[in-house]
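J.:
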Amino acid sequence: MDRRCFFGAMAGAALAAPHAALAAPLAPIARPMRLFLRHTWTTTMSSSDYRDTILYTLHHDGIEAHGEGAPIVRYHESAESGCSAINTKLGPNFFHDFPPEQFDKTLREVNRRIPGEWAAKAAVAAAILDWNGKRLGVPVYRLFGLDPTEGPLTTFSIGIDTPEKTREKVREAAPYPVLKIKVGLDSDEATINAVRAETKKPLRVDANEGWKTKEEALEKIQWLETQGVELIEQPLPAARLADMDWIRQRVKIPVFADEACLQAADVAKVAPYCDGVNIKLDKCGGILEAYRMIQTARSLGLKVMVGCMVSSSLAITAAAHLAPLLDYADLDGNLLLREDPFTGVQVKDGRLVLPNKPGLGVTKA
Ligand code: MG
């Protein structure tokens with residue numbers, strides 16, 4: 003379907019002359035997508051059986067491209083607010099005025115028109131890069147000059163649960179060589195003991211700001227170090243940077259900032275207080291901004307992880323195209339779904355295998 007047909011169809015109208023189609027009311031081109039989880043997903047921040055993400059479809063010059071963003075409740079975003087921002091701020095003529103092939107300029111305009119709504123902007127940015135890859139006939143990683151075989155191992159995440167459920171999830175995670183364990187509650191020791199009753203795999207631990215004092219965090223991390231944990235993410239609330247540094251001076255494993263590092267400007271802000279940053283497309287506004295953050299982090303001597311939210315293979319594959327630039331990948335949000343509406347990046351022996359197809363290389367499942 004070409005762009006004219008698409009907007010005509012979306013408006014529920016019979017095909018009309020081009021100008022009539024272009025003059026139609028703003029076409030709804032972003033819509034919420036509900037994704038059901040295999041297990042109830044619990045972190046220190048929330049608990050849910052499903053997640054709603056933003057699915058954005060871009061039609062331009064006969065090429066159809068897609069992007070997905072997963073709104074983060076902590077930043078007061080929702081699929082509704084994100085879709086509404088896209089559908090009202092980027093009208094049917096947007097890509098005529100700002101062509102997708104000039105993606106740097108076009109994404110600057112997207113950022114100017116849509117304040118906040120980082121997940122929505124991530125969906126638009128992914129679709130624009132998908133479009134460019136398809137137009138040029140190359141995978142997105144080629145647009146960044148990357149070798150797709152260079153990506154690190156990715157983790158499989160275990161949400162907070164009862165010891166019995168945790169053990170069940172660890173058994174289900176058998177194909178994945180590194181696990182990421184969510185902690186940050188009084189049950190942390192029981193959780194890790196349950197994991198260790200099942201496996202000796204290396205663990206990465208994410209407290210999601212859950213520990214209350216630096217002393218409590220230090221005590222927990224020093225115990226975690228004896229349990230084969232290789233890094234700790236966001237031990238304390240995001241604003242407590244000096245306390246994060248205090249902890250870092252006293253532990254052996256790297257301390258990563260996640261909730262303390264959202265967009266590019268935050269990388270320089272947190273650099274003196276942590277060893278690495280967890281970058282997410284849904285926090286920073288998309289793949290191009292994430293690329294800039296990675297370069298900034300490298301220039302400041304930081305280690306780099308790219309993480310994700312619960313989302314389909316569409317969003318996870320977009321992030322995975324940057325995997326060759328990373329020390330750590332935590333790109334498993336699609337593996338936690340009961341059903342994934344898309345097929346894209348695969349995990350083989352813990353490594354991300356990128357599709358060798360134009361654009362993001364994602365197809366409908
Ligand atoms: Mg985290």
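The numbers in the numbering used here rise by one with no breaks, and the one at position 271 of the sequence shown is 273.
The C-beta atom is built at its ideal place from N, Cα and C for all residues, glycine as well.
Using DSSP with H/G/I as helix, E/B as strand and the rest coil, what is residue 287?
T.: In the structure shown, residue 287 sits in coil (DSSP, three-state: anything other than H, G, I, E or B).
J.: Thinking just about the alpha-carbon of each residue, which of 330, 313, 263, 289 is nearest to the one in residue 361?
T.: Checked all of 330, 313, 263, 289; the closest Cα to residue 361 is 289.
J.: Determine whether the beta carbon atoms of residue 62 and residue 94 lie at a separation below 8 angstroms.
T.: Not in contact: residue 62 and residue 94 (Cβ atoms no closer than 8 angstroms).
J.: Taking 8 angstroms as the cut-off, does the stretch 162-170 touch the stretch 335-350 (at least 3 CB pairs, one atom from each stretch)?
T.: No, the stretch 335-350 does not touch the stretch 162-170.
J.: Using a threshold of 7 angstroms, is the CB atom of residue 232 nearer than that to any non-hydrogen atom of the ligand MG?
T.: Checking every heavy atom of the ligand MG against the Cβ of residue 232, none is found closer than 7 angstroms.
J.: What is the rounded straight-line gap between the Cα of residue 250 and the Cα of residue 322?
T.: Each residue's alpha carbon lies about 28 angstroms from the other.
J.: For the alpha helix (DSSP H) holding residue 97, just list the boundary residues, first then last.
T.: First-last of the alpha helix (DSSP H) with residue 97: 96-99.
J.: What is the rounded straight-line gap between the Cα of residue 76 and the Cα of residue 311?
T.: Approximately 12 angstroms, taken between the alpha carbons.
J.: Comparing C-alpha positions only, which one of 153, 152, 97, 242 sits nearest to residue 126?
T.: The shortest Cα separation from residue 126 among 153, 152, 97, 242 belongs to 97.
J.: Could you give the first and the last residue of the continuous beta strand (DSSP E) run that contains residue 67?
T.: Here the beta strand (DSSP E) through residue 67 covers 65-71.
J.: By DSSP, does residue 139 sit in helix, in strand, or in coil?
T.: Residue state, collapsed to three classes: coil.
J.: Please determine whether the Cβ atom of residue 210 lies at a distance below 7 angstroms from any heavy atom of the ligand MG.
T.: True, at least one ligand heavy atom lies under 7 angstroms from that Cβ.
J.: Quick one: Cα of residue 45 to Cα of residue 187, how far?
T.: Their backbone Cα atoms lie some 9 angstroms apart in a straight line.
J.: Short check: CB of residue 305 to CB of residue 284, under 8 angstroms?
T.: Against a cut-off of 8 angstroms, the Cβ pair of residue 284 and residue 305 comes out as no contact.
J.: Given a cut-off of 8 angstroms on the beta-carbon distance, is the pair residue 123 and residue 65 in contact?
T.: Their beta carbons are not under 8 angstroms apart, which means residue 123 does not touch residue 65 by this criterion.
J.: Going by beta carbon distance, what residues of the same chain come within less than 8 angstroms of residue 28, once the five residues before and after it are set aside?
T.: Interpretation of residue 28 is limited by its pLDDT of 45, a score under 50 that renders its predicted location unreliable; the figure taken from the coordinates is listed afterwards. So the list reads 89, 90, 93, 94, once near-sequence residues are dropped.
J.: Output the boundary residues of the alpha helix (DSSP H) element that contains residue 195.
T.: Residue 195 -> alpha helix (DSSP H) spans 190-200.
J.: So for residue 312, helix, strand or coil by DSSP?
T.: In the structure shown, residue 312 sits in coil (DSSP, three-state: anything other than H, G, I, E or B).
J.: Out of 191, 345, 301, 281, which one is the CA nearest neighbour of residue 274?
T.: Residue 274 has its Cα closest to that of 301, out of 191, 345, 301, 281.
J.: To the nearest angstrom, how far is it from the Cα of residue 358 to the Cα of residue 266?
T.: So the two alpha carbons sit approximately 29 angstroms from each other.
J.: Determine the DSSP secondary structure at residue 228, reduced to helix, strand or coil.
T.: Residue 228: coil per DSSP, three-state reduction.
J.: Give every residue of the same chain whose Cβ lies closer than 6 angstroms to the Cβ of residue 38, excluding the five residues on either side of it in the sequence, and list them in chain order.
T.: Excluding sequence neighbours, residue 38 sits near 52, 340.
J.: With distance defined between alpha-carbon atoms, name the residue in 50, 58, 196, 160 nearest to residue 317.
T.: Of 50, 58, 196, 160, the residue nearest in Cα terms is 58.
J.: Starting from residue 258, follow its DSSP beta bridges and name the residues at the other end.
T.: For residue 258, which the question treats as bridged, DSSP gives the partners 235, 278.
J.: My guess is that residue 35 and residue 210 are in contact by the Cβ rule of under 8 angstroms, so how many angstroms apart are they, rounded?
T.: With a Cβ gap of about 24 angstroms, residue 35 and residue 210 do not count as contacting.
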